[in-house]
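Chemist: If you read the sequences in order, they're chains A and B. For the first sequence, the working numbering gives the first residue as 9, with consecutive numbering after it. For the second sequence, the working numbering gives the first residue as 9, with consecutive numbering after it. Glycine included, C-beta positions come from ideal geometry on N, C-alpha and C. Below you'll find the structure I mean.
2 protein chains.
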Amino acid sequence: MAVTIRDVARASGVHISTVSRTFSAPHLVNPNTRTRVLACAEQLGYRPNRAARALITGRTYNIGLIVADIANPFFPPLIKAAESQARKHDHHIFVADTNEDAAVEEEVVRALAKQVDGVLLVSPRMSNALIEQLSREVPLVVVNRQIAGIPAVVMDVARGARIAIEHLTALGHRRVALVSGPRGSWTSREIRRSATATAKTAGAELTIIGPNPPTEVGGLTIAEDVLRAGATAVLAYNDLMAIGLIEGLLAAGARVPEDVSVVGIDDIMLSRLTRPKLTTVATPTAAAGRAAVDMLLAHGDDRRTTAQIHLQTELVIRDSTGRA
Amino acid sequence: MAVTIRDVARASGVHISTVSRTFSAPHLVNPNTRTRVLACAEQLGYRPNRAARALITGRTYNIGLIVADIANPFFPPLIKAAESQARKHDHHIFVADTNEDAAVEEEVVRALAKQVDGVLLVSPRMSNALIEQLSREVPLVVVNRQIAGIPAVVMDVARGARIAIEHLTALGHRRVALVSGPRGSWTSREIRRSATATAKTAGAELTIIGPNPPTEVGGLTIAEDVLRAGATAVLAYNDLMAIGLIEGLLAAGARVPEDVSVVGIDDIMLSRLTRPKLTTVATPTAAAGRAAVDMLLAHGDDRRTTAQIHLQTELVIRDSTGRA
DNA sequence: GACTTGCGTGCAACCGCTTGCATTAATGGC
DNA sequence: GCCATTAATGCAAGCGGTTGCACGCAAGTC
């Protein structure tokens, strides 16, 4: 059916090993032979079967990319950047969606392990211990999590949360709510830690609401909790929740930002387009995707990087925050 | 390094072929043996290597999914649904982003062909002829394109465009602009054909603007073309362009919907959240993703489906349209 | 002219797994 | 009690490649 190395060998009158070398070690074959083999291959439409090659070389030229929810606008730019970067290096990407479920994450990593050179775990919900264990089975790069000995790309959300809280307290807010994210999220813990410390320093009261599903609906449903807490400002785990929250607040008759200021995190495309436009902490998702792929590929060459790359975040002030 | 079928065979004291059968043809092995083998496999953490298996069986349990732009909010729900459906049937998904480039599409299909059971081509920009040729090299299911003999899932945008135009003319609009999509898009041609016919019937004048890149920026930059054309209503190729267009119109001092009514297509999440909320033609993207995967998998069993599935669209009236 | 050198190629084993066929042992029929 | 079945397992070839090794041969050395 499909054209194999043997067809090319037959057509060009050489042994299959010569054809093989034409592709994977061209300097070992005579230029004339090489030209002839390439011509035959071209004419027959031959393409090496990567899976077969991987059986021997151990390199699949595939990467696994595992995210919690493809439909969450935070992920697509990261996926896109990772895919692009991977393909630039002639790799293909398996994408899996775990629906925020740690058990699915584990299962998918294991299922993919044999047919990839490594796995990118983006915003994992698994425990550190499990990630460490899996990283012994397949090269892993983690995005948005810090674990000793595991290569990682982390966005500095702690700083982002600090700046966001400082922005709010500078506007005079003294009762601030923190809408936290899903259980198992390292990012959510970081935000919480940093926001708590910053609020304390600034002498503001911080009410923590959560954990919550990191979606628009998650934000919408806690609007009344926020009002009940008497908060005049809110920092949400991500933009989607912030936007949902604003919907909920408006529906409950509160004005944004006159009655309640809202800050999101991520700076997804959406946040420029809603009304009011969302003040948010921009995270460099595309850069993270590229960096993670680069780490994974470097990983392959010199064994076992454990480097951790930090990417900076910044506050983008728009229209959803105002004076207390 | 990794545990192979031989390790399991050694541990359980049987031949590798028995281990193999334990997994792929359990009824052929004695229940006692089977239990023992499974226990050993479990204990060693054995997982069959799918790539190796595929070498013989020809079934990879992988699917390729090719889209024009992952970051375009139209695609993620489709990708998510497809991935979910695929995994339900124990398949994994390669995702590739072509950046709206037909040449990249072709290259990726070919690159993926050997390691997948089939490819889903979503909103392809390639020519029909090329798609037909590729479909002889690897099973293909196309979404949003009709080609004789190629299995497809199509959303009935023609009807959607008709209803959208009827909605506008019923509101009294007589000068309507159609903001078309990217070159090579079947959907864009369908919309154009249907909108043109409907406008004619309704006695409205239709100005076609485009082709344009199917993005927010694409919509933004043609706002003045729309105003110059004197249109009081616009149907845009997709929501993203409609939203960009509204931004542009507002920036130019026009009110929406008082001065200009805008209708989008797709009903992406965004369209519920912008102000004004977007009137749009909802397309069943998640259902399309699931259906396409189902077709591809069915394809594998009985050879060569050529069925085409049609999915209905419907108009969602929100706040971006009003009387002329 | 015999001897090293090294280039280009072929040979064959092997990667992890499947599968048609052969082999063996156990079962049933009469 | 003997033969034909059948069930369970082993054997080995082969899927499409890669790669260490050996071989042949022309060129260079003295």
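(1) Could you tell me which whole alpha helix (DSSP H) segments of length 4 or greater appear in the stretch 265–332 of chain A?
(2) Give a yes or no on whether the minimum CB-CB distance between Asn220 (chain B) and chain A is below 8 Å.
(3) Applying a beta-carbon distance threshold of less than 7 Å, which residues of chain B neighbour Ser92 (chain A)?
(4) Around the C-beta of Asn246 (chain B), are 16 or more other C-beta atoms found within 10 angstroms, so that it is buried, or is it exposed?
(5) For the ligand GDP, I want to know if Leu120 (chain A) counts as a neighbour, meaning its beta carbon is within less than 7 Å of at least one of the ligand's heavy atoms.
(6) Output needed for Gly189 (chain A): all residues of its chain with C-beta closer than 6 Å, excluding positions within five of it in sequence on either side, in chain order.
(7) Just how far apart, CA to CA, sit Ile64 (chain A) and Thr293 (chain B)?
(8) If you count every other CB in all the chains shown that lies within 10 Å of the CB of Pro39 (chain B), and 16 or more means buried, which is it?
(9) Name the residues in the stretch 254–286 of chain B whose C-beta lies less than 7 Å from a C-beta of chain A; which are they?
(10) Kindly indicate which three-state DSSP category Glu198 (chain A) falls into: helix, strand or coil?
(11) Classify Gly297 (chain B): buried if its beta carbon has 16 or more other beta carbons within 10 angstroms, exposed otherwise.
(12) Check each residue of the stretch 142–165 of chain B: if its Cβ is closer than 7 Å to any Cβ of chain A, include it; give the result in chain order.
(13) Is Phe31 (chain A) helix, strand or coil by DSSP?
(14) Quick one: Cα of Ser25 (chain A) to Cα of Ile71 (chain A), how far?
(15) With DSSP as the reference, label Phe102 (chain A) as helix, strand or coil.
(16) Could you check how far apart the C-beta atoms of Val151 (chain B) and Val130 (chain B) are, in whole angstroms? I think they sit under 8 Å.
(17) Expressed to the nearest angstrom, what Euclidean distance is found between the alpha-carbon atoms of Glu114 (chain B) and Lys96 (chain A)?
(18) Could you name the residues of the same chain whose beta carbon sits closer than 7 Å to that of Val112 (chain B), not counting the 5 residues immediately before and after it, in chain order?
(19) Note down, in chain order, each residue of its chain lying with its Cβ closer than 6 Å to the Cβ of Ala49 (chain A), except the 5 sequence neighbours on either side.
(20) For a contact defined as C-beta to C-beta under 9 Å, what are the partners of Leu63 (chain A) on chain B?
(21) Using 10 angstroms around the beta-carbon of Ala10 (chain B), count the other beta-carbons present and answer buried if the total reaches 16, otherwise exposed.
(22) To the nearest angstrom, how far is it from the Cα of Thr282 (chain B) to the Cα of Asp98 (chain A)?
(23) For chain A, find out if any of its Cβ atoms is closer than 8 Å to the Cβ of Phe31 (chain B); answer yes or no.
(24) Looking at the C-beta of Leu120 (chain B), does it have a partner C-beta in chain A at a distance below 8 Å?
(25) In whole angstroms, what is the alpha-carbon distance linking Gly218 (chain B) and Ala59 (chain A)?
(26) Here's a check: name, in chain order, each residue in its chain whose Cβ is nearer than 6 Å to the Cβ of Asp233 (chain B), leaving out the five neighbours to either side.
(27) In the DSSP assignment, the alpha helix (DSSP H) including Gly218 (chain B) goes from what residue to what residue?
(28) Whole angstroms are fine: how far does the CA of Ile139 (chain B) sit from the CA of Thr215 (chain B)?
(29) According to DSSP, Met163 (chain A) sits in a beta bridge with which residue or residues?
(30) State the start and end residues of the unbroken beta strand (DSSP E) segment that holds Val117 (chain B).
(31) With a threshold of 16 other CB atoms inside 10 Å of the CB of Arg144 (chain A), please say whether the residue is buried or exposed.
(32) Since Ile158 (chain A) is in the alpha helix (DSSP H), which residue starts that stretch and which ends it?
(33) Quick one, which residues of the stretch 227–246 of chain A are near chain B if we go by CB-CB under 8 Å, in chain order?
(34) Using DSSP's beta-bridge definition, name the partner residues of Gly126 (chain B).
(35) Expressed to the nearest angstrom, what Euclidean distance is found between the alpha-carbon atoms of Gly330 (chain A) and Ala137 (chain A)?
(36) Using a C-beta cutoff of 8 Å, does Gln123 (chain B) count as contacting chain A?
Modeler: Reading it off the structure:
(1) Look at the stretch 265–332 of chain A and you find these whole runs of alpha helix (DSSP H), each 4 residues long or longer: 293–309.
(2) No, no contact with chain A.
(3) For Ser92 (chain A), the residues of chain B that pass the 7 Å Cβ criterion are Asp105, in the order they occur in the chain.
(4) Buried, since its Cβ has 16 or more Cβ neighbours within 10 Å.
(5) As for the ligand GDP, it is missing from this structure, which has no ligand bound.
(6) Cβ within range, chain order: Ser196, Pro222, Tyr245.
(7) Taking the straight line from one Cα to the other gives about 40 Å.
(8) Exposed, by the Cβ-count rule.
(9) Under the 7 Å Cβ criterion, the stretch 254–286 of chain B contributes Leu278, Leu281, Thr282, Arg283.
(10) For Glu198 (chain A), the three-state secondary structure derived from DSSP is helix.
(11) Classified as buried, Gly297 (chain B) has 16 or more neighbouring CB atoms from the shown chains inside 10 Å of its CB.
(12) Cβ contacts with chain A come from no residue of the stretch 142–165 of chain B.
(13) Phe31 (chain A) falls in the helix class under three-state DSSP.
(14) Taking C-alpha positions only, Ser25 (chain A) is separated from Ile71 (chain A) by approximately 28 Å.
(15) Here Phe102 (chain A) sits in strand by DSSP.
(16) 4 Å between Cβ atoms; contact.
(17) The alpha-carbon atoms of Glu114 (chain B) and Lys96 (chain A) are separated by roughly 16 Å.
(18) Taken in chain order, the residues that qualify are Thr106.
(19) Cβ neighbours of Ala49 (chain A) beyond the five flanking positions: Val16.
(20) Under the 9 Å cutoff, chain B gives Asn57, Ala59, Ala60, Leu63.
(21) Exposed is the call here.
(22) Thr282 (chain B) and Asp98 (chain A): Cα-Cα distance of roughly 39 Å.
(23) It does not; no Cβ of chain A falls within 8 Å.
(24) True, the Cβ-Cβ gap to chain A drops below 8 Å.
(25) Their Cα atoms are separated by approximately 43 Å.
(26) Taken in chain order, the residues that qualify are Ile217.
(27) Where Gly218 (chain B) is concerned, there is no enclosing alpha helix (DSSP H), because DSSP gives it neither an H nor an E.
(28) C-alpha separation (whole angstroms): 31 Å.
(29) Here Met163 (chain A) is bridged, per DSSP, to A:Leu319.
(30) It is not in any beta strand (DSSP E) - Val117 (chain B) instead sits in the alpha helix (DSSP H) that spans 110–121.
(31) Burial call: exposed.
(32) Boundaries cannot be given for Ile158 (chain A), as no alpha helix (DSSP H) includes it and DSSP labels it neither H nor E.
(33) Contacts with chain B (Cβ-Cβ distance below 8 Å) from the stretch 227–246 of chain A involve no residue at all.
(34) Looking at the DSSP output, Gly126 (chain B) shares a beta bridge with B:Ile71.
(35) Going from the Cα of Gly330 (chain A) to the Cα of Ala137 (chain A) covers about 42 Å.
(36) At least one CB of chain A lies nearer than 8 Å to the CB of Gln123 (chain B).
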